[in-house]
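Protein chains in written order, with the numbering used here: chain B, 1 to 489; chain H, 1001 to 1618.
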């Protein structure tokens, strides 16, 4: 037995997925070099000076490699066995953080140990992934088996979300939303992703077009009502495949709409809100009466989606106006192009776009960027690190970084699918999901496509906690993957 | 358990999603970096250059509208180290700037010294040297094209239309590291007020900086305004200040005090406005402007006569006999004496110990006691007040202290100038401590009653007393700023302070002070046409000759000026205090000095008490 174990350990390095490791090393080293460029000051210091951000980052990288090697030395079963204890310890740590952490710029997420500060939220990622993987690995567990399985998965996901929200780190909390990709892969209905997509669309349309008024409704709400009707008809026609009801409902809406239009043209004051509510209610009533003849389930879902859409629409204004902080409202407005706030929140994005735009095809050359050096771009070595790459390495460099990330994520998905156990698969999908979210939001923010949400670019942004968090995440996956061929039941 | 192959297909959805996002990002990047020319235009210009536009500092006028402090342009040589590089023509630059290579290297080192210039960055504008002469500026402007990265920053420095009032006007200096730390408004190389109103009214005077966003090319050449200047912010000029000071009177006062050490403070009683505030010796405010500022400042600091020390505000002196009116007021209010109460004076107060006095009639009542400055009278009054039957010295002295504080002694008055001194008024605890718990009574501290001993007052506090008596029982906090453009002065200078002593008692004191001028110690103070009131002071001190002091106001009814004069080690109050005080009043009320008093003026202008002071340290 023992000799076999040693054998297994030595073979770990042969079984390791080297493409992933090489991609990891490329990204991490380019990250430290970019940090050096971002904080470089004309006449100061070398890249490896510990007083500089880049020097410290190289130190973090060194320690990360050590951590990675230690992770590889453990038996792969350790991670499965201790998944829940690890999760619980990290959760406790995050609870402690809420009370112990000092207030740094409104956020209480940093535990300070003398000269070293740690952000436990960064370690929540791998712990949650382990716990979720362990859950799915339970005997005969499938997500769709019963509703309580969904609850168990969601509880594992949302405990850290709540704790991180309590630390006032909205950005880091949002990351966990990406785990819905994992649930989707494990059998959650595609309708959920589909609805999420529509929710985002509704939200943007409703918030972006607050004026002018149509039939006493803001244009945004008016459009959302129309969208809801269109989606409703489409779902009847194509999802329920019911040509008759679909046609009748569509015609009904068209006739009512025409009538309302004519009345308005004649000077009659039609209340848009009541018009939409009444017509939609009538259509739903008609569908629910008609559906007893058919396969009920799909009709229920269709009506349900329409109802949820309506509720969502009514809650958008409340959420936007009352739940979100003013600065968050502002960031969303800037991202949607409603506000052109070049001196406030828009300043960051505008400056980062100028920095990236000024890079051209080939960039200004390493250390020759000026926009970032002149400190026009805030957080240039952390959240806005991609600016430096865009400015100094140009389109070629930034495209290379994006493609490297794409390659890494696709490689991880590939690794996930070659696992023989749900544990390995779910864990790897968690890793892929986190990376997808971070890359989309961070780079999207820097190039002005997403609202400014303060999350780091994995492997690039300066900071020990984030780097270690991602390293641990990735290396546990590699360790599990390296033992995939060992027989197990 | 086996794999669900229908679910496995979902990897294409997830993989497809991220691939789609990356494609969108790539298109966006291509758009930003390659095809969109608007970013490219900014791109080729490399960076903005944010040129700071300095506002004009507020001007300073005197109470008659005479312009006292104005601005003159000064030119600083600035550079952006990264654009300047290190291989520019150093010798050529030295030649243009008219400095030696050593000087240049010293400036260069200072610029990069993180202790002297904590905001140093190779990418932002740094100041190499300041106070370029107009001539050097012209020459540099011509040759500037030879030195990329260098430019000239125009700033405003002060120019003074007077040689007087340095202690009031203050001056401006370059900010230091602590200022930058304390107030984010300042950047290295900015100016801030130092001393005087320049310091206390800094926020009104400095205005708000503007910024001009320029674009420059890779060689550091300015290529015009960014987006035609729509993001530029124009500077807002500082507010103008009108002083309550009469600069002519101030200049006259400084002339009178030449060759003497001390102070003159004159206040308009009805408003608390300070008409002149002389501290002697003083200096020309223009000394602290321009490239010689540092050297001049050092020599002023090293001067043994301490010209930077504002004796009118900071000097805490024994008030001597100018203190006696306050004692009379307390005794009257407390019922220790009435205006008719008489005390004996046998060449002094003799009651177990002896406080000397000069010859005059005995016994004597309050008003003549003030007129002749009788020591014995106030010692008896103090004795009867402090040792009152049925009370304790501690309780009585606590009352005494509270009256003194009400009259503006013992605490800062709150004048609108920096570093005012409190003076000193002891309280009962002070004596309990200094007598180490042993019993003390009036006789132990009797010298307090004649303004000697522990009590100390600033000339400003003495002038404030004169102003209170002139008003017959109230005062406004003295201040030197009358108006600020576009805003109002601090409300506390409009508040009336009313000590809890009845107006009729102030009338008694005022009458006594009038009698001092008619037939008492202040006879020299009288001049034709105005009923002057006054009180001399001759304060003993351990350094040398007595200090000569005077406190007075004029006219007797509806006073327009209250004055305190304090001349260190100049002898009797009548010797210097009275003549100087009366000349100030005459000058202010009549505009000129009457011919029959010219001799007095001459004597004051040409005397030197520093040489005859008997003080060794001079």
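By construction, the Cβ of each residue, glycine as well, lies at the ideal position given by its N, Cα and C atoms.
Measuring CB atoms only, is the region 1462-1471 of chain H touching the region 1427-1443 of chain H, in the sense that at least three cross pairs come out at less than 8 Å?
They do not touch, by the three-pair rule.
Give the residues of chain H in contact with residue 174 of chain B, contact being defined as C-beta atoms less than 7 Å apart.
The contacting residues do not exist; residue 174 of chain B stays about 16 Å from chain H at best.
If you run the structure through DSSP and keep just helix, strand and coil, what is residue 168 of chain B?
Residue 168 of chain B falls in the coil class under three-state DSSP.
Along chain B, which residues have their Cβ under 8 Å away from the Cβ of residue 1036 of chain H?
Ordered by position in chain B, the residues that pass the 8 Å Cβ test against residue 1036 of chain H are 357.
If you scan the region 1193-1273 of chain H from start to end, which runs of the alpha helix (DSSP H) of 4 or more residues do you find wholly inside it?
Segments of the alpha helix (DSSP H) lying fully in the region 1193-1273 of chain H: 1196-1200, 1202-1205 and 1247-1256.
In terms of alpha-carbon separation, which member of B:369, B:119 and B:420 lies closest to residue 393 of chain B?
When only C-alpha atoms are compared, the closest one is B:369.
How long is the line joining the alpha carbons of residue 404 of chain B and residue 410 of chain B, rounded to whole angstroms?
Cα to Cα, the separation comes out at about 10 Å.
Would residue 1089 of chain H be called buried (16 or more neighbouring beta carbons within 10 Å of its own) or exposed?
With fewer than 16 other Cβ atoms within 10 Å, it is exposed.
Can you say whether residue 151 of chain B is buried or exposed, counting buried as having 16 or more other CB atoms within 10 angstroms of its CB?
Burial call: exposed.
Taking 8 Å as the CB-CB limit, is residue 1043 of chain H close to chain B?
Annotation note: pLDDT 48 at residue 1043 of chain H (below 50); position unreliable, coordinate value reported separately. So, interface residue.
How long is the line joining the alpha carbons of residue 1085 of chain H and residue 1111 of chain H, rounded to whole angstroms?
Approximately 14 Å, taken between the alpha carbons.
Please compile the residues from chain B whose C-beta is within a distance smaller than 7 Å of the C-beta of residue 1032 of chain H.
Neighbours of residue 1032 of chain H on chain B, chain order: 353, 356, 357 and 447.
From the DSSP output, read off the bridge partner residues of residue 1543 of chain H.
The partner list for residue 1543 of chain H (beta bridge, DSSP) is empty, contrary to what the question assumes.
So which residues on chain B does residue 1011 of chain H lean against when the C-beta distance must stay under 9 Å?
Neighbours of residue 1011 of chain H on chain B, chain order: 185, 413, 414, 416, 417 and 429.
Hey, quick one: how far does the beta strand (DSSP E) through residue 1126 of chain H stretch, first residue to last?
Unbroken beta strand (DSSP E) run through residue 1126 of chain H: 1126-1132.
How would you label residue 476 of chain B, buried or exposed, when you count the other beta carbons within 10 angstroms and need 16 or more for buried?
Result: buried.
Where do the ends of the beta strand (DSSP E) carrying residue 1073 of chain H lie?
Note, residue 1073 of chain H: beta strand (DSSP E), 1067-1079.
Answer yes if the region 1485-1494 of chain H comes into contact with the region 1521-1540 of chain H, meaning at least three C-beta pairs across the two stretches below 8 Å, and no otherwise.
No, because fewer than three Cβ pairs between the region 1521-1540 of chain H and the region 1485-1494 of chain H fall closer than 8 Å, the two stretches do not touch.
In whole angstroms, give me the CA-to-CA distance for residue 224 of chain B and residue 206 of chain B.
Their backbone Cα atoms lie some 7 Å apart in a straight line.
Residue 1427 of chain H and residue 1401 of chain H: beta carbons closer than 8 Å?
Yes. Within cutoff.
Let me check understanding here. Comparing Cα to Cα, which of B:322, B:395 and B:300 lies closest to residue 358 of chain B?
Looking at the Cα atoms, B:395 is the closest of the given residues.
Answer yes if the region 59-66 of chain B comes into contact with the region 456-468 of chain B, meaning at least three C-beta pairs across the two stretches below 8 Å, and no otherwise.
As far as the Cβ criterion goes, the region 456-468 of chain B touches the region 59-66 of chain B, which means the pair count is three or higher.
Determine the chain H residues that contact residue 361 of chain B at a beta-carbon separation under 8 Å, and present them in chain order.
Result: 1033 and 1034.
For residue 1160 of chain H, which of helix, strand or coil comes out of DSSP?
The answer is strand: DSSP assigns residue 1160 of chain H an E or B state.
Considering only C-alpha positions, which residue in the set H:1078, H:1590, H:1079 and H:1031 is nearest to residue 1532 of chain H?
Cα-wise, what sits closest to residue 1532 of chain H is H:1590.
Does DSSP put residue 1581 of chain H in a helix, a strand or coil?
Three-state DSSP puts residue 1581 of chain H in a helix.
Secondary structure at residue 354 of chain B, three-state DSSP: helix, strand or coil?
Here residue 354 of chain B sits in helix by DSSP.
Kindly indicate if chain B contains any beta-carbon less than 8 Å away from that of residue 1025 of chain H.
Judged by the 8 Å Cβ criterion, residue 1025 of chain H is in contact with chain B.
Should residue 1020 of chain H and residue 399 of chain B be called a contact, given that it needs their Cβ atoms to be closer than 8 Å?
Cβ atoms of residue 1020 of chain H and residue 399 of chain B: not closer than 8 Å.
Could you name the residues of the region 396-408 of chain B whose beta carbon sits closer than 8 Å to any beta carbon of chain H, in the order they occur along the chain?
Here the close residues are 398, 399, 402, 403, 405 and 406.
If we cut at 8 Å on Cβ distances, does residue 1212 of chain H have a partner in chain B?
No - not a single Cβ of chain B is within 8 Å of the one on residue 1212 of chain H.
I'd like to know if residue 1008 of chain H contacts chain B, where contact means its C-beta is closer than 8 Å to some C-beta of that chain.
For residue 1008 of chain H, the answer is yes, since a Cβ of chain B falls inside 8 Å of its Cβ.
Using a Cβ cut-off of 8 Å (strictly closer), state whether residue 26 of chain B contacts chain H.
With 8 Å as the cut-off, residue 26 of chain B does not count as an interface residue toward chain H.
Quick one, are the C-beta atoms of residue 1069 of chain H and residue 1169 of chain H less than 8 Å apart?
In contact: residue 1069 of chain H and residue 1169 of chain H (Cβ atoms closer than 8 Å).
What residues of chain B sit near residue 1021 of chain H, judged by a beta carbon separation below 7 Å?
Per Cβ cutoff of 7 Å: 440.
How is the beta strand (DSSP E) around residue 319 of chain B delimited, first residue to last?
Note, residue 319 of chain B: premise wrong, no beta strand (DSSP E); not H, not E.
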